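K.L.:
Numbered according to our numbering, the sequence shown terminates at residue 370, and the numbering increases by one at each position without gaps. Every residue, glycine too, gets a C-beta built ideally from N, C-alpha and C. Remember, it's a predicted structure, so these values are computed and weren't measured experimentally. I'd like to ask some things about the structure below.
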Amino acid sequence: MKFGQWLGVVAIGIALYIMWQIRQILLLLFAAIVLANALNILVKRQQKWGIKRSYAVAISGILLMAASIGFFWLVVPPFVNEFQQLVQLVPQGIEESIAWLEELGNRLDPELIRALPTIEQLTQQLQPLVNQIAGRGLSFFYTSLGIPLSLVFLLVLTFMLLADPHPYRQGFIRLFPSFYRRRVDEILIHCDRALNDWLAGICFNMLAIALLSFVGLSVLQIPLALSQATIAGLFAFIPTIGPALSVVPPMAIALLDDPWKALAVLIFYIVMQQVETQVLTRLILKHHISVFPAITLLAQLFFATVFGFLGLFLAFPLIIVGQVWLKEVLIEDILDRWKAGGVGRQEEEETGGQGDKETRRQGDEY
5 MKFGQWLGVV AIGIALYIMW QIRQILLLLF AAIVLANALN ILVKRQQKWG IKRSYAVAIS
65 GILLMAASIG FFWLVVPPFV NEFQQLVQLV PQGIEESIAW LEELGNRLDP ELIRALPTIE
125 QLTQQLQPLV NQIAGRGLSF FYTSLGIPLS LVFLLVLTFM LLADPHPYRQ GFIRLFPSFY
185 RRRVDEILIH CDRALNDWLA GICFNMLAIA LLSFVGLSVL QIPLALSQAT IAGLFAFIPT
245 IGPALSVVPP MAIALLDDPW KALAVLIFYI VMQQVETQVL TRLILKHHIS VFPAITLLAQ
305 LFFATVFGFL GLFLAFPLII VGQVWLKEVL IEDILDRWKA GGVGRQEEEE TGGQGDKETR
365 RQGDEY
């Protein structure tokens, strides 16, 4: 290798090291991009009505602030009151569950019972992982910026990206070699579409899950239905793990009333999740985002271990963006080109000029 090539390798290594050291800030930047992408849908809609982008961004910010104030004014006070009772009732329900399991275990083979891990053993095994995830996720906010300042930084960064995204987009594209910049622009457009589809689906799903949970828990006469429905709606943002966690509080509280209600709550939540996954999501999304559940779970564990709670919270949008880049770069631009000897890609570029122009035009609209 020549000196220039060695210098490039060293520069890439240094850049990767710096990115690893500031990974929490980069994750906060990604959260700002996701939030800006969500608000950009509203901004584009206003631009179609003839409103200038600067005014549309200001209106979107006012609407976001009004929605946040309305949420905290109408939903948070009763939620806080119920949540205080929830904190007291859930441990009682868990203790009741443990007593019920111990009673059931006394009727089984003693050898089998001794072979199974106890609650204390499971807690001791999970505690280090939970501490690691929580510590990495919260240490950045407490030691570096603080939670209020981090939220302010997130909002400021979001509206800076939203007000004029073109320079940031072009700056990112210029980080790549000149021959690949047009392709990077196309990939960014695909990422934008995928994130828009996911945002539309997840917002609809969170609202639907919250409403269905409230109706179902009210029909089953489970106490504190509002707070538990709110938790279920918020946890719907985290696929796979979120729904599993959201079913624990209502089951624990239902067990204090009657054991059959706990089973009814479990069945109701399973049916609700199936309806949400198989029916509601497919109806609201024009292009259904397909990610294997096993890959989703492994990615969530990876991002939670590396980035903490914020990584778990943003795991699915990270999966979506990573899936697009993996498909477009690794599969189409590298593996498929090797298979076709580079000819197929060249012919596609020669015959697909019109499609490239349309793709670039859509990218300029962003």
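If contacts are defined as beta-carbon pairs under 8 Å, then Val328 and Ile191 qualify, I think. What distance do you get, rounded to the angstrom?
P.N.:
7 Å
K.L.:
By a C-beta neighbour count over all protein chains shown, 10 Å radius and 16 as the cutoff for buried, is Gly346 buried or exposed?
P.N.:
Residue placement at Gly346 is flagged as unreliable, the pLDDT there being 48, under the threshold of 50; the coordinate-derived value follows with that caveat. When all chains shown are included, Gly346 counts as exposed.
K.L.:
Assess contact between the region 316-333 and the region 27-36, defined as three or more Cβ pairs (one per stretch) separated by less than 8 Å. Is contact present?
P.N.:
yes
K.L.:
Using 10 angstroms around the beta-carbon of Met255, count the other beta-carbons present and answer buried if the total reaches 16, otherwise exposed.
P.N.:
Buried: at least 16 other Cβ atoms inside 10 Å.
K.L.:
In whole angstroms, what separates the C-alpha of Phe76 from that of Ala236?
P.N.:
The C-alpha of Ala236 is placed about 17 Å away from the C-alpha of Phe76.
K.L.:
Going by beta-carbon coordinates alone, are Leu221 and Val251 separated by less than 8 Å?
P.N.:
no
K.L.:
Check the C-beta distance from Leu31 over to Gly315 and give it rounded, since I have them as a contact under 8 Å.
P.N.:
6 Å
K.L.:
Excluding the five sequence neighbours on either side, which residues of its own chain have a C-beta within less than 8 Å of the C-beta of Leu166, listed in chain order?
P.N.:
These residues qualify, in order along the chain: Ala40, Leu43, Asn44, Val47, Val61, Ser64.
K.L.:
Give the secondary structure of Thr309 by DSSP, where H, G and I count as helix, E and B as strand, and everything else as coil.
P.N.:
helix
K.L.:
If you follow the alpha helix (DSSP H) that Pro169 is part of, which residue opens it and which one closes it?
P.N.:
Per DSSP, Pro169 belongs to the alpha helix (DSSP H) from 169-177.
K.L.:
In whole angstroms, what is the alpha-carbon distance linking Arg187 and Leu216?
P.N.:
Rounded to the nearest whole angstrom, the C-alpha separation of Arg187 and Leu216 is 43 Å.
K.L.:
Given Phe180, which residues of its chain have a CB within under 7 Å of its CB, disregarding the five upstream and five downstream residues?
P.N.:
Val188
K.L.:
Would you mind sorting Asp168 into buried or exposed? The rule is 16 or more other CB atoms within 10 Å of its CB.
P.N.:
exposed
K.L.:
Measure the alpha-carbon distance for Ile29 versus Pro81 and round it to whole angstroms.
P.N.:
32 Å
K.L.:
Can Ile213 and Gln304 be called in contact, C-beta distance under 8 Å?
P.N.:
no
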